[in-house]
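Residues 10 to 197 in our numbering are what the sequence shown lists, from first letter to last.
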Amino acid sequence: MTVIDTILLPVTLAFDAFAVAVCYGTTLPKTGFQGTFKVAFSFAAFQFAMPVIGWHAGSSFQSAIREFDHWIAFGLLLYVGLGMIRDSRKVGTCPEKSDLSRLSVLLLYALATSLDALAAGVALSMIAKPIWLPATIAFASTFVLSLAGVVSGAKTGASFGMKAGLYGGFILIGIGTKILAEHLFFGG
């Protein structure tokens, strides 16, 4: 994985959280800084933790699947990318009652938007890449995008957030395809 891939992967994983933050912003007449910060920090913390958990889980059985680990990495990124594309195309994708000011709802959404990061962590373990830099980038990009999402949701509506998910899905599929091609054709 190149430096660009190391940056693109976690940033695109943040697009789900961005889309939910945009939806949250559309439901509020005026969002205070404390509420916006709480949403951004919660989403970012989960986006940091989940790839680390996935990486450690994947590393524990990586030696047993070394012969086809590149296929697993490709499959996981393809699955996550297609899911992001599918979700971005749904009509009315903003839940009507997504009251992220309630901690239980906020944590549920933070978990739901970070499950793809868990799969990405497993994929990174398959290609024996360290996790700390991508996880840190995931935290920072999710935090910034979630802050921007809540604020922009109130101004632009939900359609902008959904387009981010579409583009993110294509980027993840591209990264997965690149991992597979590097292994099959260049011995990576």
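Note that the Cβ used here is the ideal one computed from N, Cα and C, for glycine as well.
Three-way DSSP call (helix, strand, coil) for residue i in this model
| i | result |
| --- | --- |
| Thr122 | helix |
| Phe55 | helix |
| Ala49 | helix |
| Pro139 | coil |
| Thr11 | coil |
| Arg75 | helix |
| Phe70 | coil |
| Ser155 | helix |
| Arg98 | coil |
| Ser110 | coil |
| Gly90 | helix |
| Gly41 | coil |
8 Å contact criterion, which residue i and residue j should meet: CB distance rounded
| i | j | result |
| --- | --- | --- |
| Ile184 | Asp14 | 6 Å |
| Val89 | Leu181 | 6 Å |
| Phe179 | Ala119 | That pair is no contact at about 24 Å. |
| Ser51 | Leu116 | 7 Å |
Spatial neighbours of residue i in its chain, beta-carbon cut-off 7 Å, leaving aside the 5 residues before and after
| i | result |
| --- | --- |
| Ser110 | Gly44 |
| Ser150 | Pro19, Val20 and Ala23 |
Cβ neighbours of residue i in the same chain (closer than 6 Å, five flanking residues each side left out)
| i | result |
| --- | --- |
| Gly63 | Leu127, Gly130 and Val131 |
| Val29 | Tyr118 and Thr122 |
Cβ neighbours of residue i in the same chain (closer than 8 Å, five flanking residues each side left out)
| i | result |
| --- | --- |
| Gly67 | Gly130, Val131, Ala132, Leu133, Ser134 and Met135 |
| Pro60 | Pro19, Leu22, Ala126, Leu127, Ala129, Gly130, Leu133, Ile140, Pro143, Ala144 and Ala147 |
| Ile74 | Ile81 and Met135 |
Short Cβ contact (7 Å threshold) for residue i with residue j
| i | j | result |
| --- | --- | --- |
| Ile16 | Ala82 | no |
| Gly162 | Thr35 | yes |
| Ala49 | Phe152 | yes |
Proximity test, residue i beta-carbon vs the ligand ADP heavy atom, cut-off 6 Å
| i | result |
| --- | --- |
| Gly34 | Questions concerning the ligand ADP fall outside what the structure shown contains, since it holds no ligand whatsoever. |
- prompt: Any chance the segment 24 to 31 sits against the segment 133 to 145, with 3 or more Cβ pairs inside 8 Å?
  reply: no
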